[in-house]
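Protein chains in written order, with our numbering: chain A, 1 to 163; chain B, 164 to 326. The C-beta atom is built at its ideal place from N, Cα and C for all residues, glycine as well. Take a look at the structure below.
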């Protein structure tokens with residue numbers, strides 16, 4: 001591969017990583033929903049699945065705006081996050097504790113995405129790519145909202161002692 | 164393994180994951196520092212290495228307060244994040260772009276830790292474990308500060324076009 005010379009090339013590379021990350025998440029979210037006991041949590045995962053499918057589409061629009069074919073580049077970090085999520089799904093715990101773990105795993109994923117979108121948004125801004133920036137900003141807002149909703153649900157589940 | 168029954172058991176398990184994550188980071192940060200071209204960035208990684216060694220110690224203190232032996236449980240997510248970091252270190256790019264990628268990778272790590280410490284702090288709070296909570300809060304503040312410093316350094320490196 002040729003030496004990456006410009007920030008725009010870096011942006012495309014980072015978007016390919018995110019495109020892989022979001023696709024992995026589309027696969028993982030139904031398993032998280034199935035593993036959740038709390039109804040609000042289950043509904044939250046299902047709702048976020050729909051949003052995540054939208055995030056994949058927005059990335060495709062971003063590639064189009066950049067005159068690039070949508071191409072995923074395996075996101076190793078999301079692979080690790082999802083592996084950790086699978087371990088948690090398999091964990092033997094009473095329902096409330098199990099749900100608390102699922103929320104913890106999901107919030108790690110959200111924070112990963114918040115960091116990634118934060119990066120690509122700042123790069124798009126520097127490059128004056130306003131349309132791309134605005135697309136990604138919409139997704140970032142949804143990731144932040146999801147993270148906040150997870151905290152709210154957690155507050156209703158986590159209590160001491162967990163019975 | 165027995166069924167996890169209580170939030171305190173969940174907390175111990177989550178701390179073991181963090182203990183592994185911080186230890187992995189102690190191994191990885193010198194490589195990130197070595198790969199950085201920008202002097203401030205290099206110094207930042209070196210400084211954060213010292214902080215991270217302190218985070219390992221704080222986790223050991225937390226285990227002690229909980230009457231648990233410090234025990235790491237491989238953090239798969241951090242493994243993935245560090246694998247992604249290694250790919251970036253090996254990436255062929257001009258210095259500014261390479262540094263921008265290193266910052267992006269480091270901010271993903273910081274956000275992962277912000278999410279994890281956020282979880283254990285809220286659980287410790289619910290459990291009334293004030294000393295444990297305060298210890299972890301100190302680390303969370305340092306992770307947030309590191310993340311902000313990385314954004315500041317990024318602002319001095321990232322520009323368009325990257326020459």
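Backbone secondary structure at residue i - three-state DSSP
i, result
"residue 204 of chain B", "helix"
"residue 36 of chain A", "coil"
"residue 167 of chain B", "strand"
"residue 68 of chain A", "coil"
"residue 290 of chain B", "coil"
"residue 237 of chain B", "coil"
"residue 325 of chain B", "Only weak support is given to the placement of residue 325 of chain B: the predicted model assigns it a pLDDT of 48, under 50, and the value that follows is read from those uncertain coordinates. Coil, per DSSP."
Limits of the unbroken alpha helix (DSSP H) element including residue i
i, result
"residue 255 of chain B", "Counting along the chain, residue 255 of chain B falls outside any alpha helix (DSSP H), and DSSP gives it neither H nor E."
"residue 137 of chain A", "130-157"
Sub-9 angstroms separation of residue i and residue j beta-carbons
i, j, result
"residue 242 of chain B", "residue 186 of chain B", "no"
"residue 178 of chain B", "residue 229 of chain B", "yes"
"residue 83 of chain A", "residue 240 of chain B", "yes"
"residue 204 of chain B", "residue 316 of chain B", "yes"
"residue 164 of chain A", "residue 44 of chain A", "Residue 164 of chain A falls outside the range modelled here, since chain A spans only 1 to 163, and no answer is possible."
"residue 107 of chain A", "residue 281 of chain B", "yes"
"residue 48 of chain A", "residue 18 of chain A", "no"
Buried or exposed (CB count within 10 angstroms, at least 16 for buried), residue i
i, result
"residue 134 of chain A", "exposed"
"residue 130 of chain A", "exposed"
"residue 146 of chain A", "buried"
"residue 322 of chain B", "exposed"
"residue 148 of chain A", "exposed"
"residue 253 of chain B", "exposed"
Alpha carbon of residue i to alpha carbon of residue j, nearest angstrom
i, j, result
"residue 222 of chain B", "residue 138 of chain A", "37 angstroms"
"residue 233 of chain B", "residue 295 of chain B", "14 angstroms"
"residue 162 of chain A", "residue 94 of chain A", "With a pLDDT of only 48 at residue 162 of chain A, under the threshold of 50, the placement of this residue in the model should not be trusted; the figure read from the coordinates follows. If you take the alpha carbons of residue 162 of chain A and residue 94 of chain A, they lie about 9 angstroms apart."
"residue 170 of chain B", "residue 275 of chain B", "21 angstroms"
"residue 73 of chain A", "residue 33 of chain A", "26 angstroms"
"residue 54 of chain A", "residue 21 of chain A", "13 angstroms"
"residue 249 of chain B", "residue 123 of chain A", "21 angstroms"
"residue 214 of chain B", "residue 189 of chain B", "9 angstroms"
"residue 105 of chain A", "residue 88 of chain A", "8 angstroms"
"residue 227 of chain B", "residue 172 of chain B", "14 angstroms"
"residue 305 of chain B", "residue 144 of chain A", "21 angstroms"
"residue 57 of chain A", "residue 46 of chain A", "17 angstroms"
"residue 291 of chain B", "residue 3 of chain A", "53 angstroms"
"residue 156 of chain A", "residue 100 of chain A", "10 angstroms"
"residue 126 of chain A", "residue 255 of chain B", "22 angstroms"
"residue 75 of chain A", "residue 120 of chain A", "15 angstroms"
"residue 109 of chain A", "residue 272 of chain B", "11 angstroms"
"residue 68 of chain A", "residue 35 of chain A", "37 angstroms"
"residue 225 of chain B", "residue 299 of chain B", "8 angstroms"
"residue 31 of chain A", "residue 200 of chain B", "42 angstroms"
"residue 168 of chain A", "residue 176 of chain B", "An answer regarding residue 168 of chain A cannot be provided, because it is not within the stretch 1 to 163 covered by chain A."
"residue 260 of chain B", "residue 96 of chain A", "45 angstroms"
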